[in-house]
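J.: Quick note: the sequence shown uses my numbering, first residue -17, plus one each step.
In this text, a Cβ means the ideal position worked out from N, Cα and C, and glycines have one as well.
None of these values were measured; they are calculated from a predicted model.
Pasting a structure here, questions to come.
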Amino acid sequence: MDPKPIGSLDVAELRNAAPLCRYLSGMVDPLYQRVLSTLRPPPTDACVVVSCYLFADREPLMTALDETLGIRLVVPRRRLPSDDPAFEQRYVFSSATTDEELADEIASVTATNPFVVLDSYLNLNRRVGSRLKELGSRYLGTVEDVPLLEPDDRTVSIFGSLLSDISRPSLADSIVYSIDRLMRPNNWVLRGRIVLVVGFGRVGEDVARALRQRECRVLVCEIDPVRKLVAVQAGFELVELTRGLPDSSVVVLATGKPVFGAAEASLLAGDAIVASVSSNDIRSAELFDDQADGDELVTVGLPGRQAHILNRGEVVNFREDAVVGPSFELLQAELFVSVLALATGLPLDDDSRDFRSRIIADAWLRTYGNVQD
């Protein structure tokens, strides 16, 4: 039977299926699997998902991708521990230390299968993008979360979508929660501190607002004039990086690009705390020596003082597996269905994406909003 045109499907046909959001919490038989079977038969070959996305190593999303179409992931870094040893064996977690090694590892894992890239800030594409495209027709496309200057028919951006915007406040609260939890073992408290937020994009803005709610004095460093204007209109104080670093006891890096190294560290105040909340880890080799205190904290020796880098320089987002509430599942669901759309050849036009968003919203409301027929 030929697939139905997407416009002819009625969400009412799908209401007896298991809601998608419950499936993303670990249940089988998702709502969207029925959508897939209605639109188009799934491919017979498994599809590999290559990901550096901050949320991709969370088990519900990985399990949803794996069980739906036999999808497995290769993740450049495993950030969150798992209580299930079998879970670690089902997926490939890269041990590469250079971009060239990572590109070779991706080429090896995807040698016989089509693959989709799940990216954050196009970080993976910037690092090994040319090598991905050299793999030809096996490269099905990229799902990412930034506005594209040159969109194409193999890239899906969830930036600014209604569903992702709804989840933003909860995500920011979770990031700040993770920073706070990583500080507390050393008897450090976040509330009331002077905090410098470097970068006032979508993540930086939301984190700055969440920090202000915790009675922090928030300074903002930003170079884009429009984002500067947004920060000023929101009531934040703008500072240059060279002034903000010595004035702040906590520094939050939210730029999406590497901006912190030995030169910036030399400007830090004594016992300052640095955390990355973007897609970029703090990788400066000069900062990581034998002064590391365990797995979560790196103490950096500076002339006459010291500073501290949380989570060994890796992004702190969800490091403590913070409870972000059910709105987080809207973002997971959108990532999930976008990957499946690329993997199965579903339409990527605006009408088709709006239809899939309505399905996600309907499932979420029936799971958490007590919405009935």
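1. For Glu87, write down the residues that DSSP places opposite it in a beta bridge.
2. Considering only the alpha carbon of each residue, which of Phe337, Asp332 and Thr326 lies closest to Cys29?
3. Tell me which residue opens and which closes the beta strand (DSSP E) that Glu187 is part of.
4. If distances are taken between C-alpha atoms only, which option among Leu104, Leu153, Ile264 and Arg109 comes closest to Ala245?
5. Using 8 Å as the threshold, is the segment 186 to 206 in touch with the segment 150 to 170, meaning 3 or more CB pairs across them?
6. Tell me the start and end of each unbroken alpha helix (DSSP H) in the segment 85 to 150 that is at least 4 residues and wholly inside, in chain order.
7. How is Ala254 classed by DSSP in three states: helix, strand or coil?
8. Closest to Asn299 by C-alpha separation, out of Cys203, Val98, Ser152 and Asn105, would be which residue?
9. So Thr79 is in the alpha helix (DSSP H); what residue range does that whole segment cover?
10. Using C-beta distances below 6 Å, list every residue in its chain close to Pro23, excluding the 5 sequence neighbours before and after it, in chain order.
11. Look at Ala254 and Ser230 and say whether their C-beta atoms are less than 8 Å apart.
12. For Thr237, list the residues DSSP reports as bridge partners.
13. Under 7 Å Cβ to Cβ from Asp162, same chain only, skipping five residues before and after it: list those, please.
14. For Cys198, which residues in the same chain have their Cβ closer than 8 Å to its Cβ, ignoring the five residues on either side in sequence?
15. Could you pull the start and end residues of the alpha helix (DSSP H) that Arg175 belongs to?
16. Where do the ends of the beta strand (DSSP E) carrying Val56 lie?
17. Relative to the alpha-carbon of Trp170, which residue among Pro329, Ala289 and Leu317 has its alpha-carbon at the smallest distance?
18. Three-state secondary structure (DSSP) at Glu70?
19. From the DSSP output, in three-state form, read off Ala28 for me.
20. Here's the rule: buried if 16 or more other CB atoms are within 10 angstroms of the residue's CB, otherwise exposed. What is Ile140?
21. Taking DSSP as the reference, what is the three-state secondary structure of Ala154?
22. Give me, in chain order, the residues of the same chain whose beta-carbon lies closer than 7 Å to that of Val110; leave out the 5 immediate sequence neighbours on both sides.
23. Considering Cα atoms alone, identify which of Ser90, Leu55, Ile148 and Glu116 is closest to Val74.
T.: Straight from the coordinates:
1. None; Glu87 has no bridge partner.
2. Thr326
3. First-last for Glu187: Arg184 to Gln195, but that is the alpha helix (DSSP H), not the beta strand (DSSP E).
4. A check of alpha carbon separations from Ala245 across Leu104, Leu153, Ile264 and Arg109 identifies Ile264 as the nearest.
5. yes
6. 105 to 115
7. coil
8. Here the closest residue by C-alpha is Ser152.
9. Thr79: not part of any alpha helix (DSSP H); DSSP gives it neither H nor E.
10. Interpretation of Pro23 is limited by its pLDDT of 40, a score under 50 that renders its predicted location unreliable; the figure taken from the coordinates is listed afterwards. Result list for Pro23: empty, nothing under 6 Å.
11. yes
12. According to DSSP, Thr237 bridges with nothing at all.
13. Leu172
14. Leu172, Arg173, Gly174, Arg175, Ile176, Val177 and Val232
15. No alpha helix (DSSP H) holds Arg175; DSSP gives it neither H nor E.
16. Arg54 to Val57
17. Ala289
18. It is helical.
19. Residue state, collapsed to three classes: coil.
20. buried
21. Helix.
22. If we look at Val110 and ignore the five residues flanking it on each side, its Cβ neighbours are Asp81, Leu84, Ala85 and Ile88.
23. Leu55
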